[in-house]
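This report concerns only the one structure given below.
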Amino acid sequence: MGKAPEDSTVLAEGLPELDPLLKVARSLCSVQNGQTIVEVCSASEEDVVIQKGTALAAATVVPKTAFLPTQQAYRNESGTRGVDSVISSAARESDSPREAMPGLKEAYRAEMEADFTDSKLGGDQQELLHSLLGDFRDTFVESSLKPGRTDLLKFSIDTGTQPPIKQRPYRVSNAEGDVMEAEIDQYLDLGLVRPSTSPWASPVLMIRKPDGGIRFCIDYRRLNAVTIKDCYPMPLIDDILDVLRGAKLYSTMDIASGYWNVPMDPDSVEKTAFTCKYGLFEWLVMPFGLCNAVPAFERLMENVLVDLKWRTCLVYLDDCVVFSSDFPTHLVRLRQVLERFRNAGFKLK
Numbered sequence: 001m002g003k004a005p006e007d008s009t010v011l012a013e014g015l016p017e018l019d020p021l022l023k024v025a026r027s028l029c030s031v032q033n034g035q036t037i038v039e040v041c042s043a044s045e046e047d048v049v050i051q052k053g054t055a056l057a058a059a060t061v062v063p064k065t066a067f068l069p070t071q072q073a074y075r076n077e078s079g080t081r082g083v084d085s086v087i088s089s090a091a092r093e094s095d096s097p098r099e100a101m102p103g104l105k106e107a108y109r110a111e112m113e114a115d116f117t118d119s120k121l122g123g124d125q126q127e128l129l130h131s132l133l134g135d136f137r138d139t140f141v142e143s144s145l146k147p148g149r150t151d152l153l154k155f156s157i158d159t160g161t162q163p164p165i166k167q168r169p170y171r172v173s174n175a176e177g178d179v180m181e182a183e184i185d186q187y188l189d190l191g192l193v194r195p196s197t198s199p200w201a202s203p204v205l206m207i208r209k210p211d212g213g214i215r216f217c218i219d220y221r222r223l224n225a226v227t228i229k230d231c232y233p234m235p236l237i238d239d240i241l242d243v244l245r246g247a248k249l250y251s252t253m254d255i256a257s258g259y260w261n262v263p264m265d266p267d268s269v270e271k272t273a274f275t276c277k278y279g280l281f282e283w284l285v286m287p288f289g290l291c292n293a294v295p296a297f298e299r300l301m302e303n304v305l306v307d308l309k310w311r312t313c314l315v316y317l318d319d320c321v322v323f324s325s326d327f328p329t330h331l332v333r334l335r336q337v338l339e340r341f342r343n344a345g346f347k348l349k
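1 is the number of the first residue of the sequence shown in UniProt numbering; add one for each residue after it.
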């Protein structure tokens, strides 16, 4: 673990240069005897041997002060938070949350724009593709903070007979508090969260990134520990590569803020509650950090494309690839997939 102090907590994140068949779960890990344990997933059916000394993940030490409870009184939830404006850019990727939040642009323009500058398609093909995209202009958005809303799934959290788990908020610095407040205001304005009176409470954790930015996270570890796990399988990379053999044309699509397209089950909303110096809030859409979010979203996407996957397209969480061997077939398949996403209530980037 290099210079990570004993008994410290680190945020482990997979390295970009890692073998594409291997994925490291982003997680909070404890350091013991100079070592920690990270979960590594292989997308191959073959045995994978990881040699000793192989770099798998980068670890960012989380200061112990981040886990200290704050004594500051909760902010009056009926106070200054307005809902008359919509804010755009996520502060989690900015050092200055206010500068990173200009007014949100229109979800889509009256005329669908497409950039064919580097395209190898002929003029007629470009016109046909542009016309097809124009038919689905209502399905595309310019901002990831304008997700759709599906009625095909309400995400639930099964904790059996476990009584509510209540944790105190962690302490944050002034700079971290500014980012936290901006992030929560943004979620409130977008209708993603609401003030809560839940008996459950998971603390917000503000983590410094290597570039100096601040990431807004929720420490759902104790909630995840008592959640009954969903074992729905993820697609294998080897199977995906087999299907793509012989294809000549590919179109990739990305669901805008994929998880936020999924509403929470009313009976589970209270379990998503997160606590911080500004109060207690709960999610109305599926948040990041819950252990069953990945399998639930993969199952949803595969159900939406149930008779098209493996034949017309491939799907991995919020990413979809449409493939074909010729242009006319590709247009037909694109229309099929776009119609499914529109009917499901999804929005695409």
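Note that CB positions come from ideal geometry on N, CA and C, so glycine has one too.
Coarse secondary structure for residue i, derived from DSSP in three states
{"i": "M327", "result": "Met is not the amino acid found at residue 327; the sequence shown has Phe there. Looking at F327 - three-state DSSP - the assignment turns out to be helix."}
{"i": "Q32", "result": "strand"}
{"i": "G123", "result": "helix"}
{"i": "T252", "result": "strand"}
{"i": "G53", "result": "coil"}
{"i": "L152", "result": "coil"}
{"i": "D7", "result": "coil"}
{"i": "I207", "result": "strand"}
{"i": "E13", "result": "strand"}
{"i": "Y170", "result": "strand"}
{"i": "V243", "result": "helix"}
{"i": "V332", "result": "helix"}
{"i": "T60", "result": "strand"}
{"i": "F341", "result": "helix"}
{"i": "S131", "result": "helix"}
{"i": "L236", "result": "coil"}
{"i": "A201", "result": "strand"}
{"i": "L190", "result": "coil"}
{"i": "V24", "result": "strand"}
{"i": "I214", "result": "strand"}
{"i": "L145", "result": "coil"}
{"i": "V179", "result": "helix"}
{"i": "I184", "result": "helix"}
{"i": "residue 351", "result": "Past the boundaries of the shown model lies residue 351; the chain is included only from 1 to 349, so the question cannot be answered."}
Sub-8 angstroms separation of residue i and residue j beta-carbons
{"i": "S144", "j": "V61", "result": "no"}
{"i": "S202", "j": "I218", "result": "yes"}
{"i": "V10", "j": "V24", "result": "no"}
{"i": "L155", "j": "M286", "result": "The question names Leu, but residue 155 is Phe in the sequence shown. Yes, the Cβ-Cβ distance between F155 and M286 is below 8 angstroms."}
{"i": "P147", "j": "A256", "result": "yes"}
{"i": "N292", "j": "D211", "result": "no"}
{"i": "residue 350", "j": "V322", "result": "Lying before the first or after the last residue shown, residue 350 is absent from the chain, which here runs from 1 to 349."}
{"i": "L317", "j": "F346", "result": "no"}
{"i": "V262", "j": "L348", "result": "no"}
{"i": "F140", "j": "V179", "result": "no"}
{"i": "V49", "j": "S42", "result": "no"}
{"i": "L56", "j": "L121", "result": "no"}
{"i": "Q162", "j": "T275", "result": "no"}
{"i": "E302", "j": "V294", "result": "no"}
{"i": "Y259", "j": "L205", "result": "no"}
{"i": "K277", "j": "G177", "result": "yes"}
Buried versus exposed call for residue i [16 or more other C-beta atoms within 10 Å across all chains shown]
{"i": "residue 352", "result": "The requested residue 352 is not part of the displayed model; the chain covers only 1 to 349."}
{"i": "K248", "result": "exposed"}
{"i": "N343", "result": "exposed"}
{"i": "E39", "result": "exposed"}
{"i": "S324", "result": "buried"}
{"i": "Y250", "result": "exposed"}
{"i": "R340", "result": "buried"}
{"i": "E17", "result": "exposed"}
{"i": "T272", "result": "buried"}
{"i": "A225", "result": "exposed"}
{"i": "F116", "result": "exposed"}
{"i": "E127", "result": "exposed"}
{"i": "A59", "result": "buried"}
{"i": "T54", "result": "exposed"}
{"i": "G123", "result": "exposed"}
{"i": "I228", "result": "exposed"}
{"i": "T329", "result": "exposed"}
{"i": "S119", "result": "exposed"}
{"i": "G289", "result": "buried"}
{"i": "L241", "result": "exposed"}
{"i": "A114", "result": "exposed"}
{"i": "L244", "result": "exposed"}
{"i": "E6", "result": "exposed"}
Exercise for the section: Just list the beta strand (DSSP E) runs in the segment 258-328, keeping only unbroken ones of 3 residues or longer that don't cross its boundaries, in chain order. Expected result: 274-276, 279-283, 313-316 and 319-324
Practice task
Flag this pair as touching only if the segment 300-312 and the segment 276-283 have three or more C-beta atom pairs under 8 angstroms; answer yes or no.
Solution key: no
Problem - Touch test, the segment 188-198 against the segment 211-231, Cβ-Cβ under 8 angstroms, three pairs minimum - result: no
Exercise for the section: Report yes or no: do the segment 319-337 and the segment 176-190 share at least 3 C-beta pairs separated by less than 8 angstroms? Expected result: no
Problem - Contact between the segment 234-244 and the segment 121-136 (3+ Cβ pairs under 8 angstroms) - result: Counting Cβ pairs under 8 angstroms, fewer than three are found: no touch.
Practice task
Could you say if the segment 261-268 and the segment 156-171 meet the contact criterion of at least three C-beta pairs nearer than 8 angstroms?
Solution key: yes
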